[in-house]
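Undergrad:
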Amino acid sequence: MKIAYLTLIALVLLTACQVQAANLTLNDVIVSLENQHLTVEESKENNESIFDKKLNDVKPNKYRLHDKTFLIYIYDSEENRKKGRKDFQKQTESMNTVSYDVYEVKNVLIFYVYEKELDNSIDEGIHQAISNLERLEL
Numbered sequence: 041m042k043i044a045y046l047t048l049i050a051l052v053l054l055t056a057c058q059v060q061a062a063n064l065t066l067n068d069v070i071v072s073l074e075n076q077h078l079t080v081e082e083s084k085e086n087n088e089s090i091f092d093k094k095l096n097d098v099k100p101n102k103y104r105l106h107d108k109t110f111l112i113y114i115y116d117s118e119e120n121r122k123k124g125r126k127d128f129q130k131q132t133e134s135m136n137t138v139s140y141d142v143y144e145v146k147n148v149l150i151f152y153v154y155e156k157e158l159d160n161s162i163d164e165g166i167h168q169a170i171s172n173l174e175r176l177e178l
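The number in the numbering used here is simply the position in the sequence shown, starting from 1, with 40 added.
#1: State the DSSP-derived secondary structure class of T65, mapped to helix, strand or coil.
#2: Can you tell me whether L66 is buried or exposed? The criterion is at least 16 other CB atoms within 10 Å of its CB, across all chains shown.
#3: Does the distance from the CB of I112 to the CB of V148 come in under 9 Å?
#4: For the stretch 66-82 against the stretch 92-111, do three or more pairs of beta-carbon atoms, one drawn from each stretch, fall closer than 8 Å, so that the two count as touching?
#5: Got a sec? Which residues, its chain only, sit under 7 Å from E164 by beta carbon, not counting five neighbours each side?
#6: At 3 residues or longer, and completely inside the stretch 95-144: list those beta strand (DSSP E) runs for me, N to C.
#7: Taking only three categories from DSSP, how would you classify L149?
#8: Pull up the DSSP beta-bridge partners for E82, would you.
Now the structure itself:
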């Protein structure tokens, strides 16, 4: 009986560890982008853009990609990432914004604000990085 009880506890603990490990980190995202030859530079800009706001209580990690705004939100779960996306939609529903793309993978929400014209090679690289993150075993 004790062995069965200990086995059950061990199984629960291992399962809990696996669930926590399923989240991507900021480093995972940066490395995946760099593997696609997309170098992001940390941005210290403090602009008051709609893209620079907290979404679902998470502040963005601010970068520049080919001199354009690139924001990475890291959430503690996929559900909270989805809430962050809804938060953005709610905040911007009556606004006329510049051109941007949104990328979502697991617990990560990314905004690439390209403003006017999207460079297809950059977009393809981001999509490939996202695809690689989806397949990443954590």
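Cβ atoms here follow ideal geometry from the backbone N, Cα and C, with glycine treated the same way. Given the structure is predicted, the values throughout are model-derived calculations rather than measurements.
TA: Taking the definition as stated:
#1: coil
#2: exposed
#3: The answer is yes: Cβ separation under 9 Å.
#4: Note that the stretch 66-82 touches the stretch 92-111; at least 3 beta-carbon pairs, one per stretch, sit closer than 8 Å.
#5: none
#6: 101-105 and 108-114
#7: Looking at L149 - three-state DSSP - the assignment turns out to be strand.
#8: According to DSSP, E82 bridges with Y103.
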